[in-house]
Structure formats: structure tokens, C-alpha cells
Amino acid sequence: MPDHAAPQYDPISQQAKDTLFQAASYFGADDFALIEKACDYAFIKHQGQTRQSGEPYITHPIAVATEVAKWQLDAKTVVSALLHDVLEDTGTSKSELAKEFGGTIAEVVDGLSKLEKINFNNYIEHQAESFRKMVLAMVKDIRVLIVKLSDRLHNMRTLGSMRPDKRRRIARETLETYALLANRIGMNPVYRELQDLSFYNIHPRRYTVFQAALNRWHSEQKEAIAEIMQAFQLQLASYNIEAKIKTRQKNLYSIYNKMRGRHKRFAEVCNLYGLRIVVRSIDDCYRTMGALHALYKPRPGRFKDFIALPKSNGYQGLHTTLVGPKGVPIEVQIRTPAMHKTAEYGIAAHWLYQNRTDQMRDEAVIRTRQWLQNILALQQDSGNAIEFSEHIKVDLYQNEIYLFTPNGKILVLQRGSTPVDFAYAVHTDIGHSCIGAKVNGNPVPLRQRLHTGDTVEIITREDANPNPAWLSFVVSARARSAIRSRLKNIGKEDAIILGEKLLLQTLTQLLPQHLLVSETVKNKYLADLQSKNIRFEDVLYDVGMGKLLPVSVAMQIADLAGEKFGGKTKLSPIKISGSPVSNIHISTCCNPIPGDAIKAALIPEQGLIIHSDTCENLFRIPVENQLDADWDCLGKEGKFSTKISVISQDQPGLLATLAGCIAAQNANIENVEMPPQPEGKGDFVEMRFGLSVTDTKQLNQILHDIQSIPQIISAKRLYG
Numbered sequence: 006m007p008d009h010a011a012p013q014y015d016p017i018s019q020q021a022k023d024t025l026f027q028a029a030s031y032f033g034a035d036d037f038a039l040i041e042k043a044c045d046y047a048f049i050k051h052q053g054q055t056r057q058s059g060e061p062y063i064t065h066p067i068a069v070a071t072e073v074a075k076w077q078l079d080a081k082t083v084v085s086a087l088l089h090d091v092l093e094d095t096g097t098s099k100s101e102l103a104k105e106f107g108g109t110i111a112e113v114v115d116g117l118s119k120l121e122k123i124n125f126n127n128y129i130e131h132q133a134e135s136f137r138k139m140v141l142a143m144v145k146d147i148r149v150l151i152v153k154l155s156d157r158l159h160n161m162r163t164l165g166s167m168r169p170d171k172r173r174r175i176a177r178e179t180l181e182t183y184a185l186l187a188n189r190i191g192m193n194p195v196y197r198e199l200q201d202l203s204f205y206n207i208h209p210r211r212y213t214v215f216q217a218a219l220n221r222w223h224s225e226q227k228e229a230i231a232e233i234m235q236a237f238q239l240q241l242a243s244y245n246i247e248a249k250i251k252t253r254q255k256n257l258y259s260i261y262n263k264m265r266g267r268h269k270r271f272a273e274v275c276n277l278y279g280l281r282i283v284v285r286s287i288d289d290c291y292r293t294m295g296a297l298h299a300l301y302k303p304r305p306g307r308f309k310d311f312i313a314l315p316k317s318n319g320y321q322g323l324h325t326t327l328v329g330p331k332g333v334p335i336e337v338q339i340r341t342p343a344m345h346k347t348a349e350y351g352i353a354a355h356w357l358y359q360n361r362t363d364q365m366r367d368e369a370v371i372r373t374r375q376w377l378q379n380i381l382a383l384q385q386d387s388g389n390a391i392e393f394s395e396h397i398k399v400d401l402y403q404n405e406i407y408l409f410t411p412n413g414k415i416l417v418l419q420r421g422s423t424p425v426d427f428a429y430a431v432h433t434d435i436g437h438s439c440i441g442a443k444v445n446g447n448p449v450p451l452r453q454r455l456h457t458g459d460t461v462e463i464i465t466r467e468d469a470n471p472n473p474a475w476l477s478f479v480v481s482a483r484a485r486s487a488i489r490s491r492l493k494n495i496g497k498e499d500a501i502i503l504g505e506k507l508l509l510q511t512l513t514q515l516l517p518q519h520l521l522v523s524e525t526v527k528n529k530y531l532a533d534l535q536s537k538n539i540r541f542e543d544v545l546y547d548v549g550m551g552k553l554l555p556v557s558v559a560m561q562i563a564d565l566a567g568e569k570f571g572g573k574t575k576l577s578p579i580k581i582s583g584s585p586v587s588n589i590h591i592s593t594c595c596n597p598i599p600g601d602a603i604k605a606a607l608i609p610e611q612g613l614i615i616h617s618d619t620c621e622n623l624f625r626i627p628v629e630n631q632l633d634a635d636w637d638c639l640g641k642e643g644k645f646s647t648k649i650s651v652i653s654q655d656q657p658g659l660l661a662t663l664a665g666c667i668a669a670q671n672a673n674i675e676n677v678e679m680p681p682q683p684e685g686k687g688d689f690v691e692m693r694f695g696l697s698v699t700d701t702k703q704l705n706q707i708l709h710d711i712q713s714i715p716q717i718i719s720a721k722r723l724y725g
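Listed below in C-alpha cells is the structure:
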């Protein structure tokens with residue numbers, strides 16, 4: 006920018022600028038001068054522009070830069086934040102910006118600028134292309150994402166002047182994408198605030214009610230929390246451990262989510278204390294955990310060691326849950342100061358540690374780089390911007406599990422991953438050539454779900470190719486996009502051969518022998534295809550490419566055969582009631598009911614057997630014999646059998662009370678069992694009910710009603 010007198014700021018803009026420079030006081034003279042130059046440049050470029058609220062537009066980029074400065078990032082990131090809307094909103098060229106502030110800043114700002122709306126068919130396509138542009142710029146320089154999150158944070162804080170429908174749209178986009186991106190790079194406070202701001206703008210009344218209830222709860226629990234903190238301090242002092250103890254509040258959105266997901270009331274979700282303890286060293290972390298376990302009993306299965314096994318975003322710490330006074334759970338997080346910085350700032354903590362080597366900083370950076378490389382692979386394998394955006398969103402919705410290669414390397418995958426997901430996480434070529442797997446030394450089906458601690462060995466063959474059926478069970482975006490990409494590149498001849506193999510296998514499983522060898526039926530099917538202008542080769546190709554399920558071909562042939570012979574050979578899914586119908590049966594090993602995710606298994610001489618998609622018996626059935634299924638296709642009239650277990654304090658009239666709860670929801674009791682109780686449990690009783698229900702919604706309401714009875718210890722569904 007040419008030398009000239011500093012511009013005259015209006016009072017509102019000047020106040021915003023003063024706040025920025027107060028937050029940026031950690032910079033040296035040269036960096037401070039660069040920020041001041043960028044602030045003046047942005048002020049001049051945005052002069053005359055206003056926000057929807059009527060404030061000068063410059064207050065927005067200054068606020069974004071102030072947030073970045075509060076995170077104590079480098080000067081180039083602060084400058085990029087100040088200039089982030091200059092290319093998009095003022096007609097300034099990228100070359101002009103590069104001339105004034107250098108290529109790095111110009112690249113970051115360009116990555117943050119949306120594409121022009123010309124040449125796009127619709128709003129969704131434009132949004133997807135702009136998002137892809139931003140993500141690919143983020144891969145080159147993670148500061149693009151950091152500035153974008155600060156931008157989105159300020160926009161969410163100031164949504165009040167917009168129309169309600171626009172507020173809700175922006176809030177949903179934030180919740181589904183930007184909050185998860187913040188979590189993915191470890192910026193936990195930003196993640197939580199974006200969630201709560203989204204919740205407020207989508208459900209303002211619910212938010213207000215929840216906030217008032219949470220404030221009341223904290224007010225009522227002050228004394229109890231203070232007593233626990235004092236007990237912690239005395240216990241740690243007796244172990245010569247220096248520690249800072251703080252209360253940790255759950256954000257409203259996480260409370261709301263748990264209430265919905267677990268069908269619990271507000272008081273049940275909030276009935277716990279959260280404390281965070283910061284100690285000097287890793288050794289002190291483990292000693293602190295031991296000291297606290299000596300003070301209050303730990304709850305079994307609630308200890309997590311994220312120091313030995315860091316999260317994918319670099320987060321480290323120890324988590325444990327203690328049984329506090331009056332049985333109230335106490336959730337405790339234990340960290341070192343460096344871990345705490347990483348937990349608060351995530352990858353942004355990299356800039357806080359630039360002048361020294363730090364193992365945790367390096368861990369976070371390495372894991373983020375791996376994630377960014379994965380994004381590049383997704384981009385290469387995605388057909389278009391919309392598909393790419395969906396892959397990214399799938400990748401963000403992950404609950405993590407920790408798996409081991411045979412040589413002890415740790416891989417972090419999302420919950421529900423299979424050996425195929427694992428193979429593609431190791432390397433794309435390993436995934437493409439995968440033909441089998443061993444988990445903990447034992448051969449397993451490729452669709453088996455993996456669990457934390459599993460050691461996975463992938464068996465490969467050079468000439469192997471992905472099976473289209475894999476797309477029905479892989480959960481990772483990387484695996485899904487790589488499989489689709491490879492299938493697109495399979496030659497037509499190879500796809501036809503694969504389709505013929507899959508179709509023959511399915512027909513052999515589904516059709517009676519006399520239909521398989523009937524030339525009359527075959528000719529009738531080919532004639533039917535010809536009447537529709539379809540070649541049989543095209544059918545085989547579509548099956549081989551995963552575009553057409555082989556079972557649908559079998560059903561069509563069965564339809565034609567039924568017409569020809571007048572017999573009951575139609576195998577297409579028809580409406581299902583609780584009892585077996587035609588060649589489709591409900592599995593008795595897992596008793597799925599409408600609302601459950603399901604799979605259909607092809608069993609010789611039995612037809613289609615409907616299983617819950619998590620049923621362990623599915624793991625014993627070849628992938629090629631499993632089909633996607635849903636209740637809309639199968640029909641869901643009638644009643645379905647299921648089982649529940651209820652554990653309660655023993656008291657007169659208990660069975661009548663439980664039967665009343667079940668009858669009130671119009672469900673039927675098929676049978677009742679009372680298994681013998683272990684010794685020492687004389688005050689408690691377990692009852693197991695066989696129920697006849699319409700769907701999971703009705704079942705969940707029954708469980709909720711039973712759990713609301715004061716004497717009930719637990720009520721849950723039984724499988725199998």
C-alpha cells in the first residue's frame with residue numbers, strides 16, 4: 006500500500022481496532038507494523054460497506070483478526086484474517102494483494118474467498134465447489150482453516166440481524182461441518198462454542214430453557230463441588246503433587262444430544278461433576294490418577310489413557326470417572342500444561358511452540374498432516390465437488406478406535422471400521438489388493454467390525470480388485486472413495502466377468518434348481534430385456550460396477566418364471582409381518598424390529614433372512630451373500646418379537662407395575678423369565694420380558710417409562 010496518512014476511523018471501528026491491538030500486544034515492532042498496515046488497508050478497501058446490523062463492515066474482519074490474536078498465532082495469520090474478505094468483496098486482485106503483503110498471505114486469503122456464482126447450476130453446487138476450494142487451500146496451509154473458523158465464529162455470534170430461516174440454514178451448516186472441522190484439528194473451545202451457537206439459532210426456545218436449568222443446577226451444586234475440589238487438593242498434597250483444579254462444564258448442545266440419544270431427562274444427564282486437573286509432568290498425571298482412585302472408587306470401564314494412545318487430533322490426557330459422595334459420578338481429566346494447550350488450541354498450538362521442540366506439538370502436527378494427506382486422496386478419488394464434500398463430512402463424523410498392525414504400529418480409525426477400512430488406511434494399494442484378514446491371529450470376514458486393541462493383518466493378492474459389495478459395509482470416507490474410484494477404472498471386460506460371477510453366485514443361492522436350468526425362463530428373461538432395449542452384457546456390467554444388485558436380477562427372473570409356470574416363485578421383497586412369509590424370514594438370533602438397521606442374508610434353500618446389521622452371525626456369512634435391506638422395502642405392519650431385561654429393587658407388586666407400563670404403550674407380553682440371582686444380590690431381582698412391539702420407537706418409550714419408576718436400577722433391550 007503506498008505511503009499515506011493513516012485513515013480516520015469512526016468511533017465504532019476505532020474501538021474494534023484498539024481491542025485488536027491489545028490482543029496483539031505479544032508481537033514485536035515489525036510484526037505490529039505489518040498488522041497496522043493490513044488494518045488500514047482493509048479499512049480503506051471496505052470503506053462505505055456495512056454489515057446487516059448497520060455497523061461498519063470493517064468491524065467484522067477486525068473481530069476475526071482479534072480472535073486469531075487471542076489464540077496467539079503468527080502475524081501472517083492475523084493479517085490474513087484482517088484481509089480475508091478483501092478479494093471477495095472489494096474487487097481487489099490477488100496479484101495486487103500479493104504485491105502489498107506477499108504471496109503466502111495472498112494464497113491464504115484466496116483460499117478463503119468463495120468462487121464467483123457464474124457457471125454453476127444451483128446453490129448446492131456453488132457451495133460445494135467453494136468448500137472444495139477452501140479445503141484444498143487448507144491442505145496447503147492449515148492457517149486457511151484457522152482463519153475460516155474464526156470468521157465463522159464471529160458470524161455465528163452476530164447472526165441476530167438475519168432472517169430466522171437464514172440463521173437456521175447457516176447454523177445447520179456450521180453444526181454439520183465447521184464445528185466438526187474445529188474438533189478435527191483439536192480446537193475444542195471453538196468446537197463447543199460453535200455447537201452451542203448453532204443450537205441457539207436452530208432451537209432458540211430449547212436453548213433458553215436448557216440454559217436456565219443448567220444455571221440452576223450449577224447454583225445448587227456449588228457447595229458440593231467446592232467440597233470435592235478441597236478433598237482433591239488435600240489428597241494430591243499428601244502425595245506431593247502440585248496441581249491446578251478447575252471445574253469443567255458441559256456445553257448445552259452435548260447435554261441436548263445425550264438427552265435425545267439416550268432418551269434421558271435433563272436431571273439424569275447433568276447428574277455428574279466435571280473436573281480438570283493440570284499437573285507438571287506425565288509422571289504426575291499417572292500418580293494423580295492413582296491418588297484419586299485411592300480417594301474415591303473408580304467406575305469400571307470408564308478409564309481412558311489418551312497419553313499412551315492420543316486422539317487423531319493430537320489430544321492427550323487421562324480420563325477417569327469416580328464414584329463421589331452420595332454416589333454422584335465425578336468425571337476427571339488429567340493433563341500437563343502442554344497437553345492443556347494442545348487441548349485448547351489443537352493444531353494452532355504449533356505456533357505457540359515454534360521456538361522449541363515438543364513431542365506433543367509434533368504429535369498433533371504429524372496427525373494433522375496425515376489427515377490432510379487423506380483429504381488429498383479423497384479429492385483425487387471423488388467424481389465432483391458435491392461427492393467430495395460428502396466424503397469430508399463422513400470423515401469428520403468419527404468416534405475413534407485404536408488398532409494395531411502386526412508390527413505394533415497404531416492406526417486410529419472411526420468406530421464401526423472393518424478390515425477393509427483398515428487396509429485402505431494402511432495404503433490404497435493394500436486396500437485394492439485385499440482378499441482376507443486376520444484379527445488377533447484369527448481369520449475373520451472382511452465385514453467384521455473392529456474394536457479398540459485389535460491387531461489386524463491384511464492378506465493381499467496382486468491381481469485382486471475391490472468387490473462392489475464392500476461399499477455396503479465400509480465406513481471410512483477414504484475407503485469408500487477409493488473403492489468407487491477403482492471400480493470406475495475397471496475395464497468393461499473385467500467388470501462383465503466380475504458381474505457374471507456375482508450374478509451366478511446369487512442366482513444359485515436364490516433360485517430353485519429347475520429355474521436355473523430352464524432354457525424357457527432364460528429365453529423369456531432375454532426377450533424381456535430386448536423389449537426394454539437392454540443388452541444382457543449391460544446388466545452384467547452394471548452388476549460388476551456395483552450399480553445393480555444381483556438379487557434384483559434374480560427377483561426379475563423369479564417374477565417371469567412365476568408368470569410362466571403359475572407357481573409361487575416370486576422372490577421380490579413383500580410386506581413382512583412378525584411371522585415368516587414366502588422366502589423372507591426374520592432372524593431369531595438377533596430379532597430385528599422396524600427401526601433397526603438391517604441386512605438380508607441369502608441362505609441356500611431358505612431364501613432371504615433378515616438380520617440386524619450388527620448381528621454377529623452375519624460375520625459368518627460371505628459378503629457376496631449379503632444384501633442391503635430396509636423396512637420401507639420390506640413393509641412393517643404387525644408385531645415383532647423382542648426381549649428386554651429389567652433389574653429392580655425387589656418389592657411387592659413389581660410385576661404388575663411393569664406389566665402396566667408395557668400395556669400402556671399397547672405392546673403385548675409374550676413371556677416372562679426370572680433368572681436366578683447371584684449370591685449377595687438378594688435385595689435385587691431381574692425380570693426378562695419377551696415382548697411383541699411395532700418398532701424401536703415403541704420399545705424405547707417402554708424402556709423410558711420403566712426407567713422412570715424409582716425402584717428400577719436398569720432397563721435395556723436384549724439381543725438374541
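FYI, in the numbering used here the residues of the sequence shown are 6 to 725. Virtual Cβ for every residue (Gly too), placed ideally from N, Cα, C.
- prompt: Per DSSP, Phe-409 forms a beta bridge with which residues?
  reply: Here the question's residue 409 lines up with position 404 in the sequence shown. Phe-409 is bridged to Ile-415, Thr-460.
task: Going by DSSP, name the residue or residues bridged to Met-692.
output: Here residue 692 corresponds to residue number 687 of the sequence shown, with the count starting at 1. Met-692 pairs with Val-651.
message: Using 8 Å as the threshold, is the C-beta distance between Asn-676 and Gly-695 below it?
response: Stepping through the sequence shown from its first residue, residue 676 is reached at position 671. Stepping through the sequence shown from its first residue, residue 695 is reached at position 690. Result yes, Cβ atoms of Asn-676 and Gly-695 sit closer than 8 Å.
query: To which residues of the same chain is Gly-279 closer than 7 Å at the C-beta, ignoring the five residues directly before and after it?
result: Position 274 of the sequence shown, counting from 1, holds the residue named residue 279. Contacts found: Thr-252, Arg-253, Gln-254, Lys-255, Glu-336.
task: Could you tell me the distance, in whole angstroms, from the CA atom of Leu-507 to the CA atom of Val-548?
output: Within the sequence shown, numbered from 1, the residue matching residue 507 stands at position 502. Within the sequence shown, numbered from 1, the residue matching residue 548 stands at position 543. Cα-Cα distance, rounded: 7 Å.
field: Arg-221: first and last residue of the uninterrupted alpha helix (DSSP H) it sits in
entry: In the sequence shown, counting from the first residue as 1, residue 221 sits at position 216. Taken as a continuous stretch (DSSP letters only), the alpha helix (DSSP H) holding Arg-221 covers 209 to 243.
- prompt: Between Arg-211 and Ala-242, what straight-line distance do the alpha-carbon atoms span, to the nearest angstrom?
  reply: In the sequence shown, residue 211 corresponds to position 206, counting from 1. In the sequence shown, residue 242 corresponds to position 237, counting from 1. Spanning the two alpha carbons is a distance of roughly 43 Å.
task: Identify which residue in Ala-430, Ser-85, Ile-67, Arg-307 has its Cα closest to the Cα of Asp-23.
output: Position 18 of the sequence shown holds residue 23. Residue Ile-67 is the option with its Cα nearest to Asp-23.
task: Please report the Cβ distance between Thr-465 and Ser-486, rounded to the nearest whole angstrom; I am assuming they are in contact, meaning their Cβ atoms lie under 8 Å.
output: The residue you call residue 465 lines up with position 460 of the sequence shown. The residue you call residue 486 lines up with position 481 of the sequence shown. So it is not a contact: roughly 20 Å between Cβ atoms.
Reference Ala-428; option with closest CA among Lys-171, Ala-86, Ile-488, Pro-473: Looking up residue 428 in the sequence shown gives position 423. Measuring from the Cα of Ala-428, the nearest candidate turns out to be Ile-488.
- prompt: Run through DSSP, which three-state label would Pro-473 get?
  reply: Along the sequence shown, one-based indexing puts residue 473 at 468. Secondary structure of Pro-473 (DSSP, three-state): helix.
message: Can you tell me whether Cys-439 is helix, strand or coil according to DSSP?
response: Taking the sequence shown and counting its residues from 1, one reaches residue 439 at position 434. It is a strand residue.
message: Along the chain, where does the beta strand (DSSP E) containing Gln-716 start, and where does it finish?
response: Residue numbering aside, residue 716 sits at position 711 when the sequence shown is read from its first letter. For Gln-716, there is no enclosing beta strand (DSSP E), as DSSP marks it with neither H nor E.
query: Does the beta-carbon distance from Val-328 to Tyr-301 come in below 8 Å?
result: By 1-based counting over the sequence shown, the position of residue 328 is 323. By 1-based counting over the sequence shown, the position of residue 301 is 296. It is a contact, given that the beta carbons lie within the stated cut-off.
task: Check each candidate in Gly-165, Lys-99, Leu-239, Val-480 and name the one with the smallest Cα separation from Tyr-205.
output: Position 200 of the sequence shown holds residue 205. The shortest Cα separation from Tyr-205 among Gly-165, Lys-99, Leu-239, Val-480 belongs to Gly-165.
- prompt: How big is the Cα-Cα spacing for Thr-433 and Leu-408?
  reply: Looking up residue 433 in the sequence shown gives position 428. Looking up residue 408 in the sequence shown gives position 403. One C-alpha to the other measures close to 17 Å.
task: Just confirm the distance between the C-beta atoms of Glu-93 and Tyr-46, as a whole number of angstroms; I'd bet it's less than 8 Å.
output: Your numbering for residue 93 matches position 88 in the sequence shown. Your numbering for residue 46 matches position 41 in the sequence shown. Actually they are not in contact, since the Cβ atoms of Glu-93 and Tyr-46 sit about 15 Å apart, beyond 8 Å.
query: Going by beta carbon distance, what residues of the same chain come within less than 7 Å of Leu-158, once the five residues before and after it are set aside?
result: Stepping through the sequence shown from its first residue, residue 158 is reached at position 153. Counting only Cβ-Cβ distances below 7 Å, and skipping sequence neighbours, we find Glu-72, Val-195, Glu-198, Leu-199.
- request: Determine the contact status of Ser-617 and Ala-606, defining contact as a CB-CB distance below 8 Å.
  value: Reading the sequence shown from its first residue, position 612 is the one you call residue 617. Reading the sequence shown from its first residue, position 601 is the one you call residue 606. It is not a contact, given that the beta carbons lie outside the stated cut-off.
- prompt: Is the distance from the Cβ of Gly-191 to the Cβ of Gly-96 below 8 Å?
  reply: Locating residue 191 in the sequence shown gives position 186, where the first residue counts as 1. Locating residue 96 in the sequence shown gives position 91, where the first residue counts as 1. Contact: no.
query: How would you write the range of the alpha helix (DSSP H) that Leu-19 sits in, first residue to last?
result: In the sequence shown, residue 19 corresponds to position 14, counting from 1. The sequence as given places Gln at residue 19; Leu does not occur at that position. Looking at the DSSP string, the run of the alpha helix (DSSP H) that includes Gln-19 is 16 to 28.
- prompt: Does the distance from the CB of Ala-29 to the CB of Ile-40 come in under 8 Å?
  reply: On the sequence shown, residue 29 is found 24 positions in, with the first residue counted as 1. On the sequence shown, residue 40 is found 35 positions in, with the first residue counted as 1. Cβ distance < 8 Å, so Ala-29 and Ile-40 count as in contact.
task: Under 8 Å Cβ to Cβ from Leu-512, same chain only, skipping five residues before and after it: list those, please.
output: On the sequence shown, residue 512 is found 507 positions in, with the first residue counted as 1. Residues of the same chain with a CB within less than 8 Å of the CB of Leu-512, apart from the 5 flanking positions on each side, are Leu-521, Pro-555, Val-558, Ala-559, Ile-562 in chain order.
message: Please classify Met-294 as buried or exposed, where buried requires at least 16 other C-beta atoms within 10 Å of its C-beta.
response: Sequence index remark: in the sequence shown, residue 294 carries index 289 (1-based). With 16 or more other Cβ atoms within 10 Å, it is buried.
query: Hey, Phe-48 and Ser-18 are a contact pair by Cβ (cut 8 Å); roughly how many whole angstroms apart?
result: Position 43 of the sequence shown, counted from the first residue, corresponds to residue 48. Position 13 of the sequence shown, counted from the first residue, corresponds to residue 18. Right, the Cβ-Cβ distance comes to about 7 Å (below 8 Å), so this counts as a contact.
- request: Compare the beta carbon distance of Ile-339 and Cys-290 with 8 Å and say whether it is the shorter of the two.
  value: Reading the sequence shown from its first residue, position 334 is the one you call residue 339. Reading the sequence shown from its first residue, position 285 is the one you call residue 290. Cβ atoms of Ile-339 and Cys-290: closer than 8 Å.
message: Helix, strand or coil for Gly-279? Go by DSSP, reduced to three states.
response: Numbered from its first residue, the sequence shown carries residue 279 at position 274. Note: Gly-279 maps to strand in three-state DSSP.
- prompt: Near Ile-435, what residues of its chain come up, given a Cβ to Cβ distance below 8 Å and the 5 sequence neighbours on each side ignored?
  reply: Locating residue 435 in the sequence shown gives position 430, counting from the first residue. If we look at Ile-435 and ignore the five residues flanking it on each side, its Cβ neighbours are Ala-428, Tyr-429, Ile-463, Thr-465.
- request: Evaluate contact between the segment 708 to 719 and the segment 662 to 673, counting only Cβ atoms and requiring at least three cross-stretch pairs below 8 Å.
  value: yes
- prompt: Do you know how far the Cα of Ala-474 is from the Cα of Glu-524?
  reply: Translated into positions along the sequence shown, residue 524 becomes position 519. Translated into positions along the sequence shown, residue 474 becomes position 469. Approximately 29 Å between the Cα atoms of the pair.
query: In whole angstroms, what is the alpha-carbon distance linking Leu-186 and Lys-145?
result: Walking along the sequence shown from the start, residue 186 turns up at place 181. Walking along the sequence shown from the start, residue 145 turns up at place 140. If you take the alpha carbons of Leu-186 and Lys-145, they lie about 16 Å apart.
Delimiting residues of the beta strand (DSSP E) encompassing Glu-336: In the sequence shown, counting from the first residue as 1, residue 336 sits at position 331. 334 to 340 is the extent of the beta strand (DSSP E) around Glu-336.
field: Integer Cβ distance of Ala-21 from Leu-88, believed to fall under 8 Å
entry: Counting from one through the sequence shown, the residue named residue 21 turns up at place 16. Counting from one through the sequence shown, the residue named residue 88 turns up at place 83. Ala-21 to Leu-88, Cβ: 15 Å. No contact.
- request: Run the CB neighbour count on Asn-538, radius 10 Å, all protein chains shown included, and call it buried at 16 or more, exposed below.
  value: By one-based count along the sequence shown, residue 538 stands at place 533. Per the 10 Å Cβ criterion, exposed.
Beta bridge counterpart(s) of Thr-326 as assigned by DSSP: The residue labelled residue 326 in the question sits at position 321 within the sequence shown. BP columns for Thr-326 point to Glu-336.
- prompt: Alpha carbon to alpha carbon, what distance is there between Val-698 and Lys-564?
  reply: The residue you call residue 564 lines up with position 559 of the sequence shown. The residue you call residue 698 lines up with position 693 of the sequence shown. Before going on, a small fix: residue 564 reads as Asp here, not Lys. If you take the alpha carbons of Asp-564 and Val-698, they lie about 32 Å apart.
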